[in-house]
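Trainee:
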Amino acid sequence: MERERRKNLVFKKFFRVSDRVLFSLLVLFSILAGCTHMIVRAKKEQIPDENVAISSIARIDSILGFFFDWQFGREKIGLMPELKAEFSGKVSIPDRIFLKGTLRTGDIVEKINTYTIEGKEYTYNKETQIWEGGAKGSFPNPLENLKLILSFGEFTFIKFDKYNNSECYLFSFKPNVYFLDPIEATKPEGFFWISEKKGLPLRVKVSSERRRLNWDMRLSKFNSFANINVPFRSQKIRVSGIKNIEREVDLIMDRFIFLGYEKPDVTIEKIGDVVFSIKAERLSDSIISDILRKGKVDLYIGTWPKDPIFELKENRKLVCEKYGEGAQLFFERGMVTKPVIAVKKILSRDALHSFELKNDILGEYSIYAYLKSEGGDSLKEIVENYLDEPMVVVVDNRAVSVSLIRDTWLVENKIPIVKGLKGNESIRIFTKLKNKPLEKDYDFTWD
């Protein structure tokens, strides 16, 4: 009996110890698993160096534009008065800015509502209710100020962070705040949030001990517009023949906004006409006509004409006889010195997923088309069959570019629509491509 009791006691102690051992093993396993996860993450997320921050600053010049919220200020330092500024607005690269807010210097408060367009400033006169032009330099420039504050560099990675639900890198840096504190009475520290995905600045913040000095800019809505225009006066156009009014009007309004105009006022008349009221310094017939074109895109295999151009230009039937049924004569971007024959259509807009406008710096832009996922095979077939042959890109019955087909297109599954065009030309083309096409081309009259 005593032997049986001792046996049970040993059995219970064994299980008590086993439970502890099991628990310890589970804890150890969790720690090891956590370490493994940390190791995997470390491998996955390589620690960025200062070149990431430097590249982010340089990348600003390659975008179309951005919106900003900007505050800066200082306490009274020596003979320098207290300063406080709060602004919002937008910047169109390289030299168009809209700035609105307040600037307080000591006891003087100034309300600012201004445009800076290609070196000239325009402020709104409430008495005359017109925008008046003046010389540049009287108001702070957010883009120049952003680059100035970051100009000392010395970037140090702090951590992976989140800002406005975006994964980002957080760097510290030595800020250049001489314009706020020329006697260096403060010890400021800068922080720089950079989007992991886009590599663009999301926020730059500078503060000093006891907030004697501060500077904070938040950037957003990159590439959501391509221009900024001063809303001088209302000009009205009348468009007839729109059937799907809600859809078409929304698309047309988006095109105006992307080109830098304020959202147009719209009046739909009983007879079905739509009147758009647009505030602008000037609106040319060509800009309006571009906005009201459908946005049709066709890609052709091309060839160089071997016959006298004047004969082909005057006789479309001759073009078909010489180069095949359906062949068309085009002049690249309307230049008579660049004739090309489009002989075979290979893609149209319904095969394209989206379009991208890229600022190549120095005022030149490129547009790329991305094919739908099911279009990969057709692009591969095109490259294999027509490598190094000319491809003609036709937008709204106008040849906007001719380029040789390259196998490098397969790498990113995208096709160049235009390359290296001046901003005004490429932006007006992209305006018609960035969203869905209109149902048809529309004519207009000035109202």
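Here the working numbering = 1-based position in the sequence shown + 33. We treat Cβ as the ideally placed atom computed from N, Cα and C, and that holds for glycine. These numbers come from a predicted model, not from an experiment.
Quick check: I462 and V435, are their CB atoms within less than 7 Å of each other?
Mentor: No, Cβ-Cβ distance for I462 and V435 is not below 7 Å.
Trainee: Judging by CA-CA distance, which residue of E154, V210, D194, E160 is the nearest neighbour of F105?
Mentor: Nearest of E154, V210, D194, E160 to F105, Cα basis: V210.
Trainee: Can you give me the start and stop residues for the beta strand (DSSP E) that T464 sits inside?
Mentor: No beta strand (DSSP E) holds T464; the alpha helix (DSSP H) holding it covers 456 to 466.
Trainee: Would you kindly work out how many angstroms separate the C-alpha atoms of P449 and Y333, rounded to a whole number?
Mentor: Roughly 13 Å between the two C-alpha positions.
Trainee: Can you give me the Cβ contacts of L316 inside the same chain, cut-off strictly under 6 Å, excluding the 5 residues immediately before and after it?
Mentor: So the list reads Q268, once near-sequence residues are dropped.
Trainee: Within the same chain, show all residues whose beta-carbon is closer than 6 Å to that of T300, passing over the 5 residues directly before and after it, in chain order.
Mentor: Taken in chain order, the residues that qualify are V308.
Trainee: At the level of alpha carbons, what is the spacing between I126 and F172?
Mentor: C-alpha separation (whole angstroms): 18 Å.
Trainee: Looking at the secondary structure, which residues open and close the beta strand (DSSP E) in which S424 lies?
Mentor: Checking the sequence shown, residue 424 turns out to be Met, not Ser. Taken as a continuous stretch (DSSP letters only), the beta strand (DSSP E) holding M424 covers 423 to 428.
Trainee: Buried or exposed for L437, please, with buried defined as at least 16 other CB atoms from any protein chain shown within 10 angstroms of its CB.
Mentor: That one is exposed.
Trainee: Between E119 and G139, how many whole angstroms is the CB-CB distance? I'm expecting something under 8 Å.
Mentor: 16 Å between Cβ atoms; not a contact.
Trainee: According to the Cβ coordinates, are V282 and Y475 closer than 7 Å?
Mentor: No, Cβ-Cβ distance for V282 and Y475 is not below 7 Å.
Trainee: Can you list, in chain order, the residues of its chain whose CB lies under 7 Å from that of P297, leaving out five sequence neighbours each side?
Mentor: If we look at P297 and ignore the five residues flanking it on each side, its Cβ neighbours are M286, F289, F309, S310, I311.
Trainee: Enumerate in chain order the residues of its own chain whose CB-to-CB distance from I96 is below 8 Å, with the five nearest sequence positions on each side excluded.
Mentor: Excluding sequence neighbours, I96 sits near I126, L233, F255, N256, N392.
Trainee: Mapping DSSP to helix, strand and coil, what is E379?
Mentor: The amino acid at residue 379 is misidentified as Glu; the sequence shows Ile. Of the three classes helix, strand and coil, the one that applies to I379 here is strand, per DSSP.
Trainee: Exposed or buried, A432, counting other C-beta atoms within 10 Å across all chains shown (16 or more means buried)?
Mentor: By the 10 Å Cβ count, A432 comes out buried.
Trainee: Let me confirm a value: R244 is counted as buried when at least 16 other C-beta atoms fall within 10 Å, else exposed. Which label applies?
Mentor: It is exposed - the Cβ of R244 has fewer than 16 other Cβ atoms within 10 Å.
Trainee: Could you tell me which whole beta strand (DSSP E) segments of length 3 or greater appear in the stretch 201 to 254?
Mentor: Listed in chain order, the complete beta strand (DSSP E) runs (minimum 3 residues) inside the stretch 201 to 254 are 222 to 228, 234 to 240, 246 to 253.
Trainee: With DSSP collapsed to three states, give me the class of F289.
Mentor: Correct three-state label for F289: helix.
Trainee: Smallest Cα separation from I379: which of L412, M368, D440, P372?
Mentor: Cα-wise, what sits closest to I379 is L412.
Trainee: Smallest Cα separation from K230: which of G456, F193, S381?
Mentor: Nearest option by C-alpha distance: F193.
Trainee: Let me check one thing: in DSSP terms, what residues is N277 bridge-paired to?
Mentor: Answer is none; N277 lacks a bridge partner.
Trainee: Please work out which residues of its chain come closer than 7 Å, Cβ to Cβ, to L179, disregarding the five sequence neighbours upstream and downstream, and give them in chain order.
Mentor: Here the set comprises V237, M250.
Trainee: Thinking L203 and I191 are a contact (beta carbons under 8 Å), I'd like their distance in whole angstroms, please.
Mentor: Contact flag correct, Cβ pair sits at about 5 Å.
Trainee: Out of I90, V263, E365, A402, point me to the one whose CA is closest to N146's CA.
Mentor: Ranking I90, V263, E365, A402 by Cα distance to N146 puts V263 first.
Trainee: So, is the C-beta of V330 closer than 7 Å to a C-beta in chain B?
Mentor: Absent from the structure is chain B; it holds one protein chain and no more.
Trainee: Find out if the Cβ-Cβ distance for the pair R382, V330 is shorter than 7 Å.
Mentor: For R382 and V330, yes; Cβs fall inside 7 Å.
Trainee: Whose C-beta lies closer than 7 Å to the C-beta of V491 among residues of the same chain, with five residues either side of it excluded?
Mentor: The question about residue 491 has no answer, for the chain in this structure spans 34 to 480.
Trainee: Buried or exposed for S89, going by 16 or more other Cβ atoms inside 10 Å?
Mentor: So S89 counts as buried.
Trainee: State the DSSP-derived secondary structure class of L471, mapped to helix, strand or coil.
Mentor: In the structure shown, L471 sits in coil (DSSP, three-state: anything other than H, G, I, E or B).
Trainee: Taking its Cβ as the centre, do 16 or more other Cβ atoms sit within 10 Å of R349, making it buried, or is it exposed?
Mentor: Its Cβ having fewer than 16 others within 10 Å, R349 is exposed.
Trainee: Since I believe L471 is in contact with G328 (beta carbons under 8 Å), could you give me their beta-carbon distance rounded to a whole number of angstroms?
Mentor: Correct: roughly 6 Å between the Cβ atoms.
Trainee: Short of 6 Å in beta carbon distance, which residues of its chain neighbour E143, apart from the five on each side in sequence? Order them along the chain.
Mentor: The answer, listed in chain order, is L136.
Trainee: If you compare alpha carbons, which of E222, G186, P175 is closest to E83?
Mentor: Of the candidates E222, G186, P175, the one whose C-alpha sits nearest the C-alpha of E83 is G186.
Trainee: Using only alpha-carbon positions, find the residue among E160, Q361, F131 that is nearest to T149.
Mentor: It is F131 whose Cα lies nearest to the Cα of T149.
Trainee: Could you check which residue in E458, T478, A375 has the C-alpha nearest to that of L292?
Mentor: With distances taken between Cα atoms, L292 lies closest to E458.
Trainee: Quick check on this structure: which residue in P221, K346, L351 has the alpha carbon closest to the alpha carbon of V239?
Mentor: Minimum Cα distance to V239 is reached at P221.
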